Amino acid sequence: MIKVLLFAHLQEKVGQESISIERIETTVKDIRDYILSAYDIGNLENVMIAVNEEYALDDDMVKAGDVVALIPPVSGG
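All residue numbers for the sequence shown refer to my numbering, where the first residue is -12 and numbers rise by one.
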């Protein structure tokens, strides 16, 4: 199982703080594509993705037990 943490508006759109993906191994891109198809959240083009607290690229591998975080851009004032 891969745990996916959601932050900011992604958390609000999905309605929970995290989701679980039942896969042994996949890529960051596959996780991005899965979330886009499973949830009505718009796009993830500007969302940074971290795996085990390190920023990841689309072709990076994610394994069971890893924690993935979807971090949308934030603005402040």
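Note that CB positions come from ideal geometry on N, CA and C, so glycine has one too. Remember, predicted model here, so these are calculated numbers, not experimental data.
Quiz item: How about residue 7 and residue -8: are their beta carbons less than 8 Å apart?
Solution: Stepping through the sequence shown from its first residue, residue 7 is reached at position 20. Stepping through the sequence shown from its first residue, residue -8 is reached at position 5. Not closer than 8 Å, so no.
Self-check item: Three-state class that DSSP yields for residue 24 in the structure shown
Solution: Counted from its first residue, the sequence shown places residue 24 at position 37. When secondary structure is reduced to three states using DSSP, residue 24 falls in the helix class.
Self-check item: Counted within 10 angstroms of its Cβ, other Cβ atoms place residue 119 as buried (16 or more) or exposed
Solution: Only positions -12 to 64 of the chain appear in the structure, and residue 119 is not among them; the question remains open.
Exercise. Can you tell me which of the three DSSP states residue -11 falls into?
Key: Reading the sequence shown from its first residue, position 2 is the one you call residue -11. DSSP places residue -11 within a strand segment (E or B) once states are collapsed to three.
Quiz item: Under three-state DSSP, which class holds residue 40?
Solution: The residue given as residue 40 occupies position 53 in the sequence shown. Taken through DSSP and simplified to helix, strand or coil, residue 40 comes out as coil.
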